[in-house]
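Protein chains in written order, with the working numbering: chain A, 1 to 189; chain B, 1001 to 1329.
We put the CB at the ideal spot given by N, CA and C, even for glycine.
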Amino acid sequence: MQANIHHESVRHDLITMLPRLKRFADVLVGEKRAGKALLRRALLRMLTDQHRYQRGTPLDRWAFAEIYRLWLSELRNHSDPLRQAKASERDFERLFPKDQEADFDALTANFLGHLPPQQRSTLLLVYGEGFDYEDAGRVLDTNPDTIQARLILATASLADRLGSASPAQAQASATIETLYPRKSQDDDQ
Amino acid sequence: MTELSDELLVAYVDGQLVREQTRAVDKVLEQDDVIARRVDALKEAHGRLESAFEAILAGEVVEVLAAPMLPPRIERQRGNGLGRVGLAVVGIGLALAALVGGYGWPLVTPDRTALRQPALAPRAQPVAAATPAPKVVPAPIAPTTWQEQVLRAQALLFGDSVEVGLESQGNLDLVAFQLAQAIGPAVKLPDLQPQGFKFVRAQLLRFGDKPLAQILYLGAEGAPLALYAMRGSGDGEPAFKQEGAIGSVSWTDDGIAYLLTGEEDETALFRLAEKIKHEPAAPDHLALAPAPRSEPRPELSQVPAEPGAPASYPAITGSAPTSQTTPPN
């Protein structure tokens, strides 16, 4: 009886976290279709092997770590990991909802799309999820110093890009790069 | 000019410094414009990253509400692996049945209030509060309540769904025979195994006063695929339609109207539809099956009932096949 209650509780909590888990899988993989497939496999594994979940551990940390572990294990088991398809810039831009085209930040999307998956996930966990370095490190199976180093590298690099591009340049490059052209300032008013 | 590393400044922007360090950096910022501009750029980068992740989350909420990813509840005390597949398909079938009625996924409707809380509160709030506030994205409004959607799905069930059903899902010949009896001799029970979709089960539903066949497959990655067949008229070329995360291709062939639905993209669904169009109709399929028609059929009573079938949804009969009469390659 207790086991069933626990099972239902885990299941319910996973359901409430689905958008966050899906965002993590999508950002990690860099595109929607493969991200969704990864999440589906990870969820099935979590529900089947939930005895591995230790009560007291925040479920979201465990779930993120399970997705990451599965991704890494599939990468390692790939017959030729170096030849694995890399998500394209366009695939990554599709992670952003189309109906937000006015707010679409092409420069940041382009920047994120070119980062390695581990670095993207680090940024997501700390800036998107609000995890501290230790929790992010536990999810990504690395130490807090590495998390910090990744954040510094990525944030400083994006800041450099922002600094080097004048507003006009940023706007122009955004128009070229994005699938969803920005509305003009007048349209927004 | 004071020399401060990006390491220190990013830690400052992220609120990772202790109070004394933060004050020290604050003082430097008051006196050094170059450092202040760098901090502003780092703050902007930080804010843009937060906003980008917020935007992605907003899109995920819409998608997850349209087509949740968790399989239906699993009965843990009974059944084996095949039983679990069968149970998972119970929900999938009901949901796809609702799709036929023009509605979205009826089974799992997560608490949208919870969904709009994307993350736990950050443990370390940035000290510098000049980063742009994340955008508040309004939650999508579901077209109807889950109860209304389930009622629509329920309308597709009728007596035969519950009492007769398709008793042996393990015997494709018998399933094809029963489908042909209910829908018409030209109806197809396609083998999509070479395309990566394993036949799981079939059942009869009802649309108005017409029987509606639902044939369910499971893809290699766990994504369901459903083929619906109903008596129609004439021939019609395949047409694609997208409904949330679920795509569909509908066509009419030999007086049978088909609807193929799943999470595959347009190209994949069209390819599957073409394959189905060229599949022999049920009687031919039976003729091609390895077991000769003259062999005795298994007694219905000998077919084990699905042990995990939930009492609350009795229309689900039979289990995933243990073996298939797949035509030899």
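Check                                                                                                                                                                       : Outcome
Compare the C-beta of A/Ile152 with all C-beta atoms of chain B and state if any pair is closer than 7 Å.                                                                   : yes
With 7 Å as the threshold, decide whether the Cβ of B/Glu1030 is near any Cβ in chain A.                                                                                    : no
Report yes or no: do three or more beta-carbon pairs, one from the stretch 143-161 of chain A and one from the stretch 1043-1063 of chain B, lie closer than 8 Å?           : yes
Could you tell me whether any Cβ in chain B is nearer than 7 Å to the Cβ of A/Tyr68?                                                                                        : no
Decide if the stretch 47-56 of chain A is in contact with the stretch 26-39 of chain A; the criterion is three or more beta carbon pairs, one per stretch, under 8 Å apart. : no
State yes or no: is the beta carbon of A/Arg40 nearer than 7 Å to at least one beta carbon in chain B?                                                                      : yes
Rounded to the nearest angstrom, what separates B/Gly1255 and A/His12 at their Cα positions?                                                                                : 45 Å
Which value, in whole angstroms, describes the spacing of the CA atoms of A/Glu66 and A/Asp141?                                                                             : 11 Å
Does any residue of chain A have a CB that is nearer than 7 Å to the CB of B/Glu1060?                                                                                       : yes
Can you list the residues of chain A that B/His1046 reaches, using a CB-CB cut of under 7 Å?                                                                                : Tyr127 and Thr155
Ignoring anything shorter than 4 residues or poking outside the stretch 122-153 of chain A, list the alpha helix (DSSP H) runs there in chain order.                        : 133-139
Using the Cα positions of A/Thr57 and B/Phe1053, report the straight-line distance between them to the nearest angstrom.                                                    : 24 Å
Quick one: Cα of A/Leu115 to Cα of A/Leu123, how far?                                                                                                                       : 10 Å
Checking contacts by CB at 7 Å: is B/Phe1053 closer than that to chain A?                                                                                                   : yes
For A/Asp141, would you say it is in contact with chain B, using Cβ-to-Cβ distances shorter than 7 Å as the test?                                                           : no
From the DSSP output, in three-state form, read off B/Arg1206 for me.                                                                                                       : strand
Could you pull the DSSP bridge partners for B/Val1249 from this structure?                                                                                                  : B/Phe1240 and B/Leu1260
Should B/Gly1059 and A/Pro144 be called a contact, given that it needs their Cβ atoms to be closer than 7 Å?                                                                : no
Give the DSSP-derived three-state secondary structure of B/Gln1220 in the structure shown.                                                                                  : Residue 1220 of chain B is actually Ala in this sequence, not Gln. DSSP places B/Ala1220 in coil when its eight states are reduced to three.
Please tell me whether A/Asp105 has its Cβ less than 7 Å away from any Cβ of chain B.                                                                                       : yes
Could you check if B/Arg1078 is buried or exposed, using at least 16 other CB atoms within 10 Å of its CB as the buried criterion?                                          : Model confidence at B/Arg1078 stands at a pLDDT of 38, short of 50, so the residue's coordinates are unreliable; what they give is reported in the following sentence. So B/Arg1078 counts as exposed.
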